[in-house]
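Trainee: This structure is in structure tokens; I'll ask about it shortly.
This is the structure in structure tokens:
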């Protein structure tokens, strides 16, 4: 009896490949069982995913074991620098194996690694470099999926998405830190990314700038206020500078065509759409925003982006901007040979304000008044509009708030008249509305950063802006591959250690 017990004790455990085969056989048997055949399709689908994930986990575990622990020999040498900057070589002759947990999309697996060490040094694990393991316990794919979820919605939804699709429990705090770490290579990525040759893009390169407020976390002392004074808001916003750059083909239109598109009511006829060839739209549009950087720093990045797209300065450069004078001055000074264009949509808002000074809001008279002045503006007759509106205000005896509105609007139009040569811009096919940056303010900032109850630190807000910018610019997959390579270079710098041959 004792001999039989001893022989049983040394029977080797089943390999993970064998366990995976058994689990797969169990899955196949269950799928064809009478019980499964009575279930609904979606019930079978969910259960198959759960059971299949375990098969995948066991196979991944077998893969790690097949790779081995990363034993590269009896010893390695680590190259460091002393206080004076001189190279110092240290021999790590002691080594031992231990396990490290990794949360993969199939579940938790264990990596057995050989660590080389000596007194006073951190252990070196060659397997980490060979397999490009992440610094965190969560695999790069888990991090990528979590980031995609948190980019598109709140962090809680990103956590729930990971749990539902992989079964892995990733805390909200961990995902927030993954976002901060995942955004650190943003500037480096855009400094080296490849763009198509200028000859393959449109002859017009457009840049647009704006600012958008982001609700911030208040300092602790501000949170202790029992009751806020009159006029004090519950949260304070910090302005993010938003930029967009893209190339395009000329889009030549008449003032009348633009006016029709602005005042068109009801659905468009299919026949009308067939007659006019569809404009291809912006090319290789990049949008981004920053809380940390100043307006001048963001504009410097715009200048670099323009240089990358138009290194010889042969393209027509359009600078679309709203009426904020600080941005206007900075952009005009930094961007050479650019055509300053005041966003038509901001002008239209001003015209409608004036219309309601002369006619009731929502009336047909106000609509016709605004329509006539907007057409004049589109024809480049800004000075005539200003003169006519002021004369009308005097003749009708406007006073009080209505007269103040008329004075403010006409002053705005006259001050920006050199940026409102819309008739020339339309003939050259230049853009006259900053839809790209307005959309960036909405999609990049408001839709994610200004949801109910959301407050951001500068660090966390900057990271989210960068990640959303990469995602909305269509560069997320390329950026994530770049980020993984950069992190591996930080974890394992070239020449940091070498195998001792003898």
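Numbering (this note's numbering), first residue to last: 1 to 502.
Even glycine gets a Cβ: it sits at the ideal position worked out from N, Cα and C.
What you are looking at is a predicted structure, and each value in this text was computed from that prediction instead of being measured.
(1) Please report how far the alpha carbon of residue 78 lies from the alpha carbon of residue 115, in whole angstroms.
(2) What are the start and end residues of the beta strand (DSSP E) that includes residue 134?
(3) Taking the straight line between their C-alpha atoms, what separation do you get for residue 309 and residue 241?
(4) For residue 264, which of helix, strand or coil comes out of DSSP?
(5) Can you have a look at residue 41 and say buried or exposed, based on whether 16 or more other CB atoms are within 10 angstroms of its CB?
(6) Classify residue 494 as helix, strand or coil using the three-state DSSP reduction.
(7) Short check: CB of residue 236 to CB of residue 212, under 8 Å?
(8) Since residue 489 sits in a beta bridge, which residues does DSSP pair it with?
(9) Hey, how far is the Cα of residue 224 from the Cα of residue 455?
(10) Classify residue 449 as helix, strand or coil using the three-state DSSP reduction.
(11) Please identify the residue among 133, 136 and 160 whose C-alpha is closest to the C-alpha of residue 146.
(12) State yes or no: is the C-beta of residue 59 within less than 8 Å of the C-beta of residue 20?
(13) Between the alpha carbons of residue 73 and residue 171, how many angstroms are there, rounded?
(14) List the endpoints of the continuous alpha helix (DSSP H) containing residue 30.
(15) Report the option in 184, 256 and 330 whose CA atom is closest to the CA atom of residue 482.
(16) From the DSSP output, in three-state form, read off residue 279 for me.
(17) Quick check: residue 343 and residue 379, are their CB atoms within less than 8 Å of each other?
(18) State yes or no: is the C-beta of residue 291 within less than 8 Å of the C-beta of residue 462?
(19) Counting Cβ pairs closer than 8 Å, one from the stretch 353-360 and one from the stretch 390-404, do we hit at least three?
(20) State the Cα-Cα distance for the pair residue 575 and residue 18, rounded to the nearest angstrom.
(21) Output the distance between the C-alpha atoms of residue 226 and residue 215, rounded to the nearest integer angstrom.
(22) From what residue to what residue does the beta strand (DSSP E) around residue 77 run?
(23) When you compare the CB positions of residue 440 and residue 204, do they come within less than 8 Å of one another, or not?
(24) In whole angstroms, give me the CA-to-CA distance for residue 31 and residue 445.
(25) Considering only the alpha carbon of each residue, which of 426, 44 and 465 lies closest to residue 256?
(26) Measuring CB atoms only, is the stretch 194-209 touching the stretch 244-252, in the sense that at least three cross pairs come out at less than 8 Å?
(27) From the DSSP output, which residues share a beta bridge with residue 116?
(28) Please state whether DSSP places residue 143 in a helix, a strand or coil.
(29) Under three-state DSSP, which class holds residue 346?
(30) From 155, 182, 124 and 123, pick the residue whose C-alpha is nearest to that of residue 141; which is it?
(31) Which of the three DSSP states is assigned to residue 225 in this structure?
(32) Where do the ends of the alpha helix (DSSP H) carrying residue 383 lie?
(33) Between residue 431 and residue 334, which are expected to be in contact by the criterion C-beta below 8 Å, what is the C-beta distance as a whole number of angstroms?
(34) If you compare alpha carbons, which of 345, 468 and 302 is closest to residue 153?
(35) Pairs of beta-carbons, one from the stretch 337-353 and one from the stretch 399-411, closer than 8 Å: are there three or more?
(36) For residue 143 and residue 177, I'd like the C-alpha separation in whole angstroms.
Mentor: In short:
(1) What you label residue 78 is simply residue 78 of the chain shown in a count that begins at 1. What you label residue 115 is simply residue 115 of the chain shown in a count that begins at 1. So the two alpha carbons sit approximately 13 Å from each other.
(2) Numbered from 1 along the chain shown, position 134 holds the residue referred to as residue 134. Note, residue 134: premise wrong, no beta strand (DSSP E); not H, not E.
(3) One-based indexing of the chain shown puts residue 309 at position 309. One-based indexing of the chain shown puts residue 241 at position 241. Distance between the alpha carbons of residue 309 and residue 241: 21 Å.
(4) What you label residue 264 is simply residue 264 of the chain shown in a count that begins at 1. Residue 264: coil per DSSP, three-state reduction.
(5) Here residue 41 is taken as the residue at index 41 of the chain shown, counted from 1. So residue 41 counts as exposed.
(6) Taking the chain shown and counting its residues from 1, one reaches residue 494 at position 494. If DSSP states are grouped into helix, strand and coil, residue 494 belongs with coil.
(7) As a position in the chain shown, residue 236 is number 236, starting the count at 1. As a position in the chain shown, residue 212 is number 212, starting the count at 1. Cβ distance not < 8 Å, so residue 236 and residue 212 don't count as in contact.
(8) Your numbering for residue 489 matches position 489 in the chain shown. BP columns for residue 489 are empty, so no partner.
(9) Counting from one through the chain shown, the residue named residue 224 turns up at place 224. Counting from one through the chain shown, the residue named residue 455 turns up at place 455. Low confidence applies here, because residue 224 scores a pLDDT of 44, under 50, leaving its location unreliable and the question unanswered by this model.
(10) Within the chain shown, numbered from 1, the residue matching residue 449 stands at position 449. Of the three classes helix, strand and coil, the one that applies to residue 449 here is helix, per DSSP.
(11) Indexing the chain shown from 1 puts residue 146 at position 146. Among 133, 136 and 160, the Cα nearest to that of residue 146 is on 160.
(12) Here residue 59 is taken as the residue at index 59 of the chain shown, counted from 1. Here residue 20 is taken as the residue at index 20 of the chain shown, counted from 1. Result yes, Cβ atoms of residue 59 and residue 20 sit closer than 8 Å.
(13) Here residue 73 is taken as the residue at index 73 of the chain shown, counted from 1. Here residue 171 is taken as the residue at index 171 of the chain shown, counted from 1. Distance between the alpha carbons of residue 73 and residue 171 is about 39 Å.
(14) Locating residue 30 in the chain shown gives position 30, where the first residue counts as 1. Per DSSP, residue 30 belongs to the alpha helix (DSSP H) from 16-31.
(15) The residue labelled residue 482 in the question sits at position 482 within the chain shown. Cα-wise, what sits closest to residue 482 is 184.
(16) To locate residue 279, count along the chain shown from 1; it is residue 279. In this structure, residue 279 counts as coil in the three-state DSSP scheme.
(17) In the chain shown, the residue the question calls residue 343 occupies position 343. In the chain shown, the residue the question calls residue 379 occupies position 379. Not a contact, by the Cβ cut-off of 8 Å.
(18) As a first step, residue 291 is located in the chain shown; it is residue number 291 there, counting from the start. As a first step, residue 462 is located in the chain shown; it is residue number 462 there, counting from the start. Cβ atoms of residue 291 and residue 462: closer than 8 Å.
(19) yes
(20) This structure leaves residue 575 out entirely; the chain is present only between 1 and 502.
(21) Stepping through the chain shown from its first residue, residue 226 is reached at position 226. Stepping through the chain shown from its first residue, residue 215 is reached at position 215. In this prediction, residue 226 has a pLDDT of 49, which is less than 50 and means its spatial position is unreliable; what the coordinates show is noted afterwards. Roughly 20 Å separates the two Cα atoms.
(22) Position 77 of the chain shown, counted from the start, is the residue given in the question as residue 77. 76-81 is the span of the beta strand (DSSP E), which, as asked, contains residue 77.
(23) Residue 440 sits at position 440 when you count from the first residue of the chain shown. Residue 204 sits at position 204 when you count from the first residue of the chain shown. For residue 440 and residue 204, no; Cβs fall outside 8 Å.
(24) For this step, residue 31 is matched to residue 31 along the chain shown. For this step, residue 445 is matched to residue 445 along the chain shown. Rounded to the nearest angstrom, the two C-alpha atoms are 47 Å apart.
(25) Counting from one through the chain shown, the residue named residue 256 turns up at place 256. Out of 426, 44 and 465, 426 has the C-alpha closest to the C-alpha of residue 256.
(26) yes
(27) Position 116 of the chain shown holds residue 116. Paired residues: 95 and 124.
(28) Taking the chain shown and counting its residues from 1, the one referred to as residue 143 is at position 143. Three-state DSSP puts residue 143 in a helix.
(29) Residue numbering aside, residue 346 sits at position 346 when the chain shown is read from its first letter. The answer is helix: DSSP assigns residue 346 an H, G or I state.
(30) The sequence position of residue 141 within the chain shown is 141, counting from 1. When each option's Cα is compared against that of residue 141, the closest is 182.
(31) Translated into the one-based positions of the chain shown, residue 225 becomes position 225. Note on residue 225: pLDDT 46, under 50, position unreliable in the model; no value is reported.
(32) In the chain shown, the residue the question calls residue 383 occupies position 383. Here the alpha helix (DSSP H) through residue 383 covers 382-395.
(33) Counting from 1 along the chain shown, the entry for residue 431 is found at position 431. Counting from 1 along the chain shown, the entry for residue 334 is found at position 334. Not a contact, Cβ separation roughly 19 Å.
(34) Taking the first residue of the chain shown as 1, we reach residue 153 at position 153. Looking at the Cα atoms, 468 is the closest of the given residues.
(35) yes
(36) Taking the chain shown and counting its residues from 1, one reaches residue 143 at position 143. Taking the chain shown and counting its residues from 1, one reaches residue 177 at position 177. Cα to Cα, the separation comes out at about 10 Å.
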